[in-house]
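Asker:
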Amino acid sequence: MRRDGPSMTEAGGAAGQNERVSSGRSDTVMNRGNRLCLDCGKNTLENNEDYYFLRNRLWRILVPREERHGMLCRACVEHRLGRPLASQDFGSAATEDESDPDPEDQPMKRDDYGIIDLLTPEMLHAIDTAMIEFLSSGPRKITAVVRYMLEESSAAIAGLPDWFYMDRIGELIEDCELVVVAEGEEQRFHVVAAADGPSAGR
Ligand SMILES: [Zn+2]
8 MRRDGPSMTE
18 AGGAAGQNER
28 VSSGRSDTVM
38 NRGNRLCLDC
48 GKNTLENNED
58 YYFLRNRLWR
68 ILVPREERHG
78 MLCRACVEHR
88 LGRPLASQDF
98 GSAATEDESD
108 PDPEDQPMKR
118 DDYGIIDLLT
128 PEMLHAIDTA
138 MIEFLSSGPR
148 KITAVVRYML
158 EESSAAIAGL
168 PDWFYMDRIG
178 ELIEDCELVV
188 VAEGEEQRFH
198 VVAAADGPSA
208 GR
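The numbering used here puts the first residue of the sequence shown at 8, with every later residue one more than the last.
1. Hey, is residue 79 close to ligand 1, as in C-beta under 7 Å from one of its heavy atoms?
2. Residue 169 and residue 157: beta carbons closer than 8 Å?
3. Alpha carbon to alpha carbon, what distance is there between residue 135 and residue 179?
4. Quick check: residue 87 and residue 121, are their CB atoms within less than 8 Å of each other?
5. Taking 8 Å as the threshold (beta carbon to beta carbon), is residue 80 in contact with chain B?
6. Please confirm whether any heavy atom of ligand 1 lies closer than 7 Å to the CB of residue 203.
7. Looking at ligand 1, does it come within less than 7 Å of residue 162, judged from the CB to the closest heavy atom?
8. Only counting the same chain, and skipping five residues up and downstream in sequence, which positions put a Cβ closer than 8 Å to that of residue 85?
9. Over what stretch of residues does the alpha helix (DSSP H) that includes residue 88 continue unbroken?
10. List the whole-angstrom C-beta distance separating residue 79 from residue 45, where the pair is believed to meet the contact cut-off of C-beta under 8 Å.
11. Residue 257 bridges to which residues according to DSSP?
See the structure below:
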């Protein structure tokens, strides 16, 4: 399995946006829709040998933008690559450091994901509305809203990574559709509420 891009804590961010929402790393909350190997359809969560982190440089070469939110099993990576994987092909937190001199090894960003180009204003509106409605019953942590979107909401788009929803929540806060009612240690642990919902402090 290949981790599908930046995790929630890496917060993809818009093009040219240097600010990171928060620091630290954690594994991405898996989206049910994109755990299957892009090439053979195998469930990449079922086999430990399919759990690995390719260098971002290699992932960018092997996988076109519109497929990058997905997963590849190890055998299919090697098939695309035309040779067995070697130790230098694997990434780690260290090789994905932002100070890495190779720009192709930089952390995956929003621009790396073609799936985001396919979103229509209607899809975005449905996503925003679903998150606001989820919060209409009361404040929740941002991580809970993202989890709800990934696991339950019919407005979610299969393959969209968790940080995409994080970004939308950030925009809804800026637009005063959502309000932060309690700050967590990191932004993703902030408790947010619908601006016109209960407990929003208005
Ligand atoms: Zn495969």
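For glycine and all other residues, C-beta sits at the position ideal for the given N, C-alpha and C. Because the structure is a prediction, the values reported are computed rather than measured.
Answerer: Short version:
1. The residue given as residue 79 occupies position 72 in the sequence shown. Yes, the Cβ of residue 79 comes within 7 Å of a heavy atom of ligand 1.
2. What you label residue 169 is simply residue 162 of the sequence shown in a count that begins at 1. What you label residue 157 is simply residue 150 of the sequence shown in a count that begins at 1. In this structure, residue 169 sits near residue 157, with a CB-CB distance shorter than 8 Å.
3. Here residue 179 corresponds to residue number 172 of the sequence shown, with the count starting at 1. Here residue 135 corresponds to residue number 128 of the sequence shown, with the count starting at 1. So the two alpha carbons sit approximately 8 Å from each other.
4. In the sequence shown, counting from the first residue as 1, residue 87 sits at position 80. In the sequence shown, counting from the first residue as 1, residue 121 sits at position 114. Cβ distance not < 8 Å, so residue 87 and residue 121 don't count as in contact.
5. The question asks about chain B, but that chain is absent: this structure has only one protein chain.
6. Mapped onto the sequence shown, residue 203 falls at position 196. Not so, every heavy atom of ligand 1 lies at least 7 Å from the Cβ.
7. Within the sequence shown, numbered from 1, the residue matching residue 162 stands at position 155. Taking 7 Å as the cut-off, one finds no heavy atom of ligand 1 near enough to the beta carbon of residue 162.
8. Within the sequence shown, the letter at position 78 stands for residue 85. Cβ neighbours of residue 85 beyond the five flanking positions: 91, 92.
9. In the sequence shown, the residue the question calls residue 88 occupies position 81. Taken as a continuous stretch (DSSP letters only), the alpha helix (DSSP H) holding residue 88 covers 81-88.
10. Reading the sequence shown from its first residue, position 72 is the one you call residue 79. Reading the sequence shown from its first residue, position 38 is the one you call residue 45. With 8 Å as the limit, residue 79 and residue 45 qualify as a contact, their Cβ atoms being about 5 Å apart.
11. No statement about residue 257 is possible, as the shown extent of the chain runs from 8 to 209 and does not include it.
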